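Novice:
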Amino acid sequence: MNDFAQPTPHPTNAHPARVYNVWLGGKDHYQVDQEAAELAARANPTIVPSVRANRAFLGRAVRHLAAAGIRQFLDIGTGIPAADNTHEVAQRAAPEARVVYVDNDPIVLSHARALLVSGPDGQTDYVQADARDVDAILDAAARTLDFDQPVGLMLVAILQYIKDSEDPWDITRRLLDRLAPGSYLVLSHPAADVTAPEVAESMRIYNERAASHASATPRTHDEVERFCEGLEILEPGVVTLTRWRPEPADTPDDTLPMWCAVARKD
Ligand SMILES: C[S@@+](CC[C@H](N)C(=O)[O-])C[C@H]1O[C@@H](n2cnc3c(N)ncnc32)[C@H](O)[C@@H]1O
Numbered sequence: 021m022n023d024f025a026q027p028t029p030h031p032t033n034a035h036p037a038r039v040y041n042v043w044l045g046g047k048d049h050y051q052v053d054q055e056a057a058e059l060a061a062r063a064n065p066t067i068v069p070s071v072r073a074n075r076a077f078l079g080r081a082v083r084h085l086a087a088a089g090i091r092q093f094l095d096i097g098t099g100i101p102a103a104d105n106t107h108e109v110a111q112r113a114a115p116e117a118r119v120v121y122v123d124n125d126p127i128v129l130s131h132a133r134a135l136l137v138s139g140p141d142g143q144t145d146y147v148q149a150d151a152r153d154v155d156a157i158l159d160a161a162a163r164t165l166d167f168d169q170p171v172g173l174m175l176v177a178i179l180q181y182i183k184d185s186e187d188p189w190d191i192t193r194r195l196l197d198r199l200a201p202g203s204y205l206v207l208s209h210p211a212a213d214v215t216a217p218e219v220a221e222s223m224r225i226y227n228e229r230a231a232s233h234a235s236a237t238p239r240t241h242d243e244v245e246r247f248c249e250g251l252e253i254l255e256p257g258v259v260t261l262t263r264w265r266p267e268p269a270d271t272p273d274d275t276l277p278m279w280c281a282v283a284r285k286d
């Protein structure tokens, strides 16, 4: 069992999990996060609908994987618990589903109890780690997940925090290398080529207020597609959030600047 550390009381930098929490309408953030979130959303008014559409995509993708027989999930860049966390969606479809959550922000750790309330037939665990520490994540996840069986690897709105110079494509490939055939990658990522000026300005505002290791980089369709290299990308491909297998009541909105995809490892 993990220790539940408390975050620093008055941080000077905005942090991704807390800024995202502001946009989702949560209460777990500080003034520096609120200011970054509000100024960025003013520069790019699609941010709030995008983060909601991102959570909805996460739910549709997990339901799709559960229907395809996936019973294990590795969710890296979990975020502060919100409605419909991965294990809740997965266990509604498959009560025996096991989920390992990973995040590097102490505030997520301080909320981890909510993520550890698994249904009685399934299991959840929380790992405090940085996505750049691939081996540490895989070793810790192996306590809960059976790597001889397929896993749904969730990299949902996290890879933008890893710079090109840190090679997020290689990190993704090394994570996937350890997963069994039949595993899936679920991915979403801010777009550099949809409403580009607004995205660039909102990222500039956020990056000015974030620590260097948590600064964000939007990426183009081709750069996001490269994360799926060697995998079979499911229809409809790398698309904006509301275009990925929408529910009948969903309204498409191609102005939301995030790419997403689900891809299968053969
Ligand atoms: C934008 S939130 C996304 C939350 C959730 N995946 C979702 O889509 O609703 C990004 C999360 O990734 C975490 N994160 C950012 N960089 C990370 C890193 N290098 N390693 C682990 N987690 C990271 C942040 O702390 C934050 O909780």
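In short: position in the sequence shown from 1, add 20, done, that's the working numbering. Heads up, the beta-carbon is just placed ideally off N, CA and C, and yes, glycines get one too. Source: prediction; values computed, not measured.
(1) Which whole runs of the beta strand (DSSP E) in the stretch 47-95 are 3 residues long or more, in chain order?
(2) Could you check whether T106 and D307 sit closer than 7 Å to each other, using their CB atoms as the reference points?
(3) Can you tell me whether G46 sits near ligand 1, meaning its C-beta is under 6 Å from at least one heavy atom of the ligand?
(4) So for P277, helix, strand or coil by DSSP?
(5) Might you give, ordered along the chain, the residues of its own chain that have their beta carbon closer than 6 Å to the beta carbon of H233, omitting 5 neighbours on each side?
(6) In the DSSP assignment, find the unbroken alpha helix (DSSP H) run with Y226 in it and report its ends.
(7) Decide if R118 is buried, meaning its Cβ has at least 16 other Cβ atoms within 10 Å, or exposed.
(8) How about the stretch 147-156 and the stretch 76-89: do they share at least three Cβ pairs that are nearer than 8 Å?
(9) Looking only at C-alpha atoms, which of G172, V68, H30, N33 sits nearest to G45?
(10) Among the candidates A211, T260, Q111, V71, whose CA atom is the shortest distance from the CA of V137?
(11) Distance, Cα to Cα, L195 vs Q169?
(12) Leaving out five residues before and five after Y40 in sequence, what residues of the same chain have Cβ atoms less than 7 Å from its Cβ?
(13) Mind checking who A283 pairs with in its DSSP beta bridge?
(14) For ligand 1, I want to know if Y40 counts as a neighbour, meaning its beta carbon is within less than 6 Å of at least one of the ligand's heavy atoms.
(15) In three-state DSSP terms, what is L136?
(16) Grab the span of the beta strand (DSSP E) containing R118 for me, first residue to last.
(17) So L175 is in the beta strand (DSSP E); what residue range does that whole segment cover?
(18) Reducing DSSP to helix, strand and coil, say where V147 ends up.
(19) Taking the CB atoms as reference points, tell me whether V147 and A160 lie closer together than 7 Å.
(20) Nearest CA to the CA of V42: which residue from P101, S185, E116?
(21) Could you give the distance in angstroms between the alpha-carbon of V82 and the alpha-carbon of L205?
(22) Are the CB atoms of P217 and P238 within a distance shorter than 7 Å?
Specialist: Taking the coordinates as given:
(1) none
(2) Not covered by the structure: residue 307. The range shown for the chain is 21 to 286.
(3) no
(4) coil
(5) none
(6) Where Y226 is concerned, the enclosing alpha helix (DSSP H) stretches over 216-229.
(7) buried
(8) Result no; under three Cβ-Cβ pairs closer than 8 Å.
(9) The residue among G172, V68, H30, N33 with its C-alpha nearest the C-alpha of G45 is V68.
(10) Q111
(11) 14 Å
(12) V71, G99
(13) L205, I253
(14) yes
(15) coil
(16) 118-123
(17) Where L175 is concerned, the enclosing beta strand (DSSP E) stretches over 172-176.
(18) strand
(19) yes
(20) Nearest C-alpha to V42: P101.
(21) 11 Å
(22) No; because the gap between Cβ atoms is not below 7 Å, this pair is not in contact.
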